[in-house]
Amino acid sequence: MKRTKYRKLGQRTWQAGESHFSLRHNKKVKMMTRTPLPRLLFAAMLCATTSLASEKSHDDGHPAAEPKVVKMEDAAKAHTAPHWNYGPPNWGELDPAFAMCGAGKAQSPIDVAVEGEKGGDKPVMAYKPTPLTVVNNGHTLQVTYLTGSELVLRGKSYELKQFHFHTPSEHVAHGSAAPMEVHLVHKDKDGNLAVVGVMFEEGAENPTLAKILAVAPHGEGEVSAKGVEVDASAWLPEGTGFVRYNGSLTTPPCSEGVKWMVATKRVQASAAQLEAMRAIMKNNARPVQPLNGRMVLDVE
Ligand SMILES: [Zn+2]
0 MKRTKYRKLG
10 QRTWQAGESH
20 FSLRHNKKVK
30 MMTRTPLPRL
40 LFAAMLCATT
50 SLASEKSHDD
60 GHPAAEPKVV
70 KMEDAAKAHT
80 APHWNYGPPN
90 WGELDPAFAM
100 CGAGKAQSPI
110 DVAVEGEKGG
120 DKPVMAYKPT
130 PLTVVNNGHT
140 LQVTYLTGSE
150 LVLRGKSYEL
160 KQFHFHTPSE
170 HVAHGSAAPM
180 EVHLVHKDKD
190 GNLAVVGVMF
200 EEGAENPTLA
210 KILAVAPHGE
220 GEVSAKGVEV
230 DASAWLPEGT
240 GFVRYNGSLT
250 TPPCSEGVKW
260 MVATKRVQAS
270 AAQLEAMRAI
280 MKNNARPVQP
290 LNGRMVLDVE
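Numbering (numbering that gives the first Met the number 0), first residue to last: 0 to 299.
This is how it looks when you write it as structure tokens:
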């Protein structure tokens, strides 16, 4: 087992690096067991520290070689946002900061099986392997990415920040979900987001997913696997096209202005792997949102 170190979950902030919480670490703590902190304690920590961060003022909680120390005064200033879950779709009513979840007209996910306009620029990805760090933030399993991998769309570079998973898929085709979807979250220097969604189908065992599952925390926490690397290129199906549209984060605060590219081909994972991911994340898919006349491009 390559699992080497655990970090205490300290400050949590909302991050704009798509949807999910980012985790910040007050300090490294070696733990003897994988037993998660009691849930109530965790809930108390989150209530105290969850904050709504502006897109440009944070760095996605990207784990640099040295974890960033979050100062207490920053935490004190932070806005306290409410908890949310994948129960009833009422996110827009939980907090004024989540208003777009209810009122937004360009929300994600969507049903991608629509008659799109043919053409448009194809995104070009240049991904490098990254040391494997898996975060279970209570909403998803997320692999954080070190700098140096990018997606280029219409001459603009978006850096890959992290990828994470949803079971079942959030995007659907003809109303039908895939067993899982991975979201590759990229951000340009101005904080604009471009997210690539790739759906899974049941098939051969996936070697990259095997590395992730070998260390993925079943409760909230973060694990770094020493000497193990993963490459996000594994999520790009050979010769795939993309459905491109403008949408939103799929979790609160559901901010819009996200460039979405959903792969038209799928990657495979074994039935056992898909079940293992589902067992950890449960159902973490937001329901499909209305298209509201948005343009959808079919990029071959
Ligand atoms: Zn996502």
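The C-beta atom is built at its ideal place from N, Cα and C for all residues, glycine as well.
Taking only heavy atoms of ligand 1 into account, decide whether any of them is closer than 7 Å to the Cβ of residue i.
i: H185; result: no
i: T143; result: no
i: H163; result: yes
i: A170; result: One point to set straight first is that residue 170 is His, not Ala, in the sequence displayed. Not under cutoff, so the answer is no.
i: T166; result: no
i: H182; result: yes
i: T263; result: no
i: T146; result: no
i: T249; result: yes
So, helix, strand or coil for residue i, using DSSP?
i: R277; result: helix
i: T132; result: strand
i: V123; result: strand
i: P286; result: coil
i: T139; result: coil
i: V184; result: strand
i: A105; result: coil
i: G246; result: strand
i: L159; result: strand
i: L93; result: helix
i: M294; result: coil
i: M260; result: strand
i: A270; result: helix
i: A172; result: strand
Assuming residue i and residue j are in contact, meaning their beta carbons sit under 8 Å apart, how far apart are those beta carbons, in whole angstroms?
i: S247; j: V261; result: With 8 Å as the limit, S247 and V261 do not qualify as a contact, their Cβ atoms being about 14 Å apart.
i: H185; j: V194; result: 7 Å
i: Q141; j: F199; result: Actually they do not touch by this definition, with Cβ atoms about 16 Å apart.
i: M294; j: E116; result: 6 Å
i: I109; j: V298; result: With a Cβ gap of about 16 Å, I109 and V298 do not count as contacting.
What residue range does the beta strand (DSSP E) around residue i cover?
i: V227; result: G220 to D230
i: E200; result: L192 to E201
i: E149; result: E149 to L152
For the alpha helix (DSSP H) containing residue i, name the first residue and the last one.
i: V214; result: P206 to V214
If you measure from the CB of residue i, is any heavy atom of ligand 2 nearer than 7 Å?
i: T143; result: With respect to ligand 2, the structure offers nothing, as its ligand set consists of ligand 1.
Practice task
Mind the definition here: the stretch 239–246 touches the stretch 129–140 only if three or more C-beta pairs lie below 8 Å; say whether that holds.
Solution key: Judged by Cβ distances under 8 Å, the stretch 239–246 makes no contact with the stretch 129–140, as fewer than three pairs qualify.
Practice task
Say whether the stretch 148–163 touches the stretch 114–132, bearing in mind that this needs 3 or more beta-carbon pairs closer than 8 Å, one atom from each stretch.
Solution key: yes
Exercise for the section: Could you tell me whether the stretch 85–96 touches the stretch 263–279, where touching means 3 or more Cβ pairs closer than 8 Å? Expected result: no
Exercise for the section: Determine, using beta-carbon pairs with one atom in the stretch 97–105 and one in the stretch 173–188, whether at least three such pairs fall under 8 Å. Expected result: no
Practice task
Please confirm if the stretch 163–179 is in contact with the stretch 283–293, defined as three or more CB-CB distances below 8 Å between the two stretches.
Solution key: The stretch 163–179 makes contact with the stretch 283–293, as at least three CB pairs between them are under 8 Å.
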